[in-house]
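Asker:
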Amino acid sequence: MQIQVVKSKIHRVKLTQTELHYVGSITIDETLMEAANLIENERVQVVNINNGERLETYVIRGERNSGIICLNGPAARKGAVGDMVIVISYASMDFEEAKKFKPFLVYPGENNRLIS
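Counting from 21, one number per residue, gives the positions in the sequence shown under the numbering used here.
This is the structure in structure tokens:
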């Protein structure tokens, strides 16, 4: 049996931009992507803490150490600059493997930077 489990989570980052006239996706600082074990084009769920919106999109790599978190395309209507969001990816795995799996959890600090 295969089940879905949380693979990666970037918890409580601030939206720094929204770009309505863009193809779509969420741009994420490459440093945060690496810490959360996310890759470009990976499907993610974005949960907006400020307004309760939830959406699915895919990741685009943002400039390293920029702190960028940008909703692009139609997703830009689901949040405003300054909103706090959670970015979550999931993985399918065998039930027994899932019991042992430890997700990559990232809790950025101020300006969406990693805390040392």
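Backbone N, C-alpha and C fix where the C-beta goes; we use that ideal spot for every residue, glycine too.
(1) Can Val-107 and Ile-46 be called in contact, C-beta distance under 9 Å?
(2) DSSP three-state label for Asn-85, please.
(3) Would you decide whether Pro-128 is buried or exposed? Buried here means 16 or more other CB atoms lie within 10 Å of its CB.
(4) Check the C-beta distance from Leu-125 over to Lys-29 and give it rounded, since I have them as a contact under 8 Å.
(5) Which value, in whole angstroms, describes the spacing of the CA atoms of Arg-32 and Leu-134?
(6) Alpha carbon to alpha carbon, how far is Asn-57 from Leu-82? Give it in angstroms, no decimals.
(7) Which partner residues does Phe-121 have in the DSSP bridge list?
(8) Do Tyr-78 and Val-64 have their C-beta atoms closer together than 9 Å?
(9) Measure from the alpha carbon of Met-21 to the alpha carbon of each residue in Ala-118, Asn-132, Pro-123, then state which is nearest.
(10) Provide the residue span of the alpha helix (DSSP H) that contains Thr-36, from first to last.
(11) Can you name the residues that DSSP bridges to Leu-75?
(12) Looking at the secondary structure, which residues open and close the beta strand (DSSP E) in which Met-104 lies?
Answerer: Per the coordinate set shown:
(1) For Val-107 and Ile-46, yes; Cβs fall inside 9 Å.
(2) coil
(3) buried
(4) 5 Å
(5) 12 Å
(6) Correcting the residue type first, residue 82 is Gly in the shown sequence and not Leu. For Gly-82 and Asn-57, the distance between alpha carbons rounds to 14 Å.
(7) Answer is none; Phe-121 lacks a bridge partner.
(8) yes
(9) Ala-118
(10) Note, Thr-36: premise wrong, no alpha helix (DSSP H); not H, not E.
(11) Val-66
(12) 104–114
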